[in-house]
Amino acid sequence: MADLFGIPKRFSEAGIKRYGFHGLSYEFIMHQLKSINPQKHSEHIVIAHLGNGASMCAVKEGKSIDSTMGFTALDGLVMGTRCGNLDPGVILYFLESEKMTSGNIQNMLYKESGLLGVSCTTFNMQELLQDKSIQAKKAIELFVYRIRRELGALTAVLGGLDVLVFTGGIGEHAWQIRQLVSQNNEWLGLEIDEALNKTNHLTISTPKSLVDVYVIPTDEEWVIANHCYHLMNKKES
């Protein structure tokens, strides 16, 4: 059900559906979780891959059941230069009222939007965190708001939350973003240790937190190499 759009069936049958992205990153994180906490490996997990490209994935019993990205890598969270979730009616407005071409719209939504578009200055999160301007603050607040909203939605899809993982350039290094995402989540039973969070420690949840919160560096190249290795061995045998 998570892969369907509310469009005519003929388009769905032609492959117009939600695919999701960052699969290599999520595979690596699940591999790491298996060794870090084998007991929680098969429970209710949300992985937040936060970088210039950003998405979140809900994992249940070791399998992805939903993702914030859809047919393209433009959907979902606000990203460095990509808009994220957008009412399709806005596209129609650009075409009809602004007389923009599809090429102009594509360039704007992929390269001129997101953190860059809202802040009017940069897509670099570290620079935005140091910038005291109103627009920089607004870009950060929007980024965090969308993550928190999707965390709630994915938790509902999972039927609960046992593990939250932060990964990707921002997820691994921007402790301020992790803190903003994690705060006021008592309803989830989620609580992080602010001191551990500021050091990018592997485990940043408090002992009394009902949700285990981890900061795990991803390695998509390792997954590619691992798949190639097994494929070559399979061919040789």
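Going by UniProt numbering, the first residue of the sequence shown is number 1, and it counts up by one from there. Built from N, CA and C at the ideal position, the CB exists for glycine as well. Source: prediction; values computed, not measured.
Cβ-based burial, residue i [other Cβ within 10 Å; buried from 16]
i           : result
Cys-83      : buried
Tyr-229     : exposed
Ser-67      : buried
Gln-32      : buried
Gly-171     : buried
His-227     : exposed
Ala-174     : buried
Ile-134     : exposed
Tyr-214     : buried
Met-79      : buried
Arg-146     : buried
Ser-97      : exposed
Phe-11      : exposed
Glu-150     : buried
Asp-3       : exposed
Leu-161     : buried
Asp-212     : buried
Leu-92      : exposed
Val-90      : exposed
Leu-86      : exposed
Gly-53      : buried
Gly-76      : buried
residue 310 : A query on residue 310 cannot be resolved here, the shown segment of the chain reaching from 1 to 237 and no further.
Asn-107     : exposed
Cross-strand partners of residue i (DSSP beta bridge)
i       : result
Phe-11  : BP columns for Phe-11 are empty, so no partner.
Val-165 : Ile-47 and Tyr-214
Asp-66  : Ala-58
Thr-203 : Tyr-214
Ile-192 : Ser-205
Close beta carbons around residue i, own chain, < 7 angstroms, minus the five adjacent residues each side
i           : result
Phe-94      : Met-100 and Ile-105
Phe-21      : Ser-55, Met-69 and Ala-73
Ile-16      : Phe-5, Ile-7 and Phe-71
Ile-29      : Ile-47, Val-165, Thr-167, Ile-216 and Thr-218
Lys-208     : Glu-191
Asp-157     : For the sequence presented, residue 157 should be read as Val rather than Asp. Correct list, in chain order: Ala-58, Ile-65 and Asp-66.
residue 242 : The shown model of the chain, from 1 to 237, leaves out residue 242, and the question about it has no answer.
Leu-128     : Leu-115, Ser-119, Thr-122, Ala-136, Ala-139 and Ile-140
Leu-154     : Val-46, Met-56, Ala-58 and Asp-66
Val-144     : Ile-177, Leu-180 and Val-181
Arg-148     : Val-181
Contacts around residue i, its chain only, beta-carbon distance under 8 angstroms, and the 5 residues preceding and following it disregarded
i       : result
Ile-27  : Strictly speaking, residue 27 in this sequence is Glu, with Ile absent from that position. Excluding sequence neighbours, Glu-27 sits near Val-223.
Leu-202 : Ile-36, Tyr-214, Val-215 and Ile-216
Own chain residues within Cβ distance below 6 angstroms of residue i, not counting five before or after
i       : result
Gly-62  : Ser-42
Met-1   : none
Gly-169 : Gly-51
Gln-206 : The residue you asked about is not Gln; residue 206 is Thr in the sequence shown. Counting only Cβ-Cβ distances below 6 angstroms, and skipping sequence neighbours, we find Glu-191 and Asp-193.
Leu-24  : Glu-220 and Val-223
C-beta neighbour in chain B for residue i, strict 8 angstroms
i       : result
Glu-194 : No chain B appears in this structure, which consists of one protein chain only.
| message | For the stretch 132 to 152 against the stretch 116 to 123, do three or more pairs of beta-carbon atoms, one drawn from each stretch, fall closer than 8 angstroms, so that the two count as touching? | response | yes
| message | Could you tell me which whole alpha helix (DSSP H) segments of length 4 or greater appear in the stretch 76 to 137? | response | 88 to 96, 102 to 111, 114 to 119 and 125 to 130
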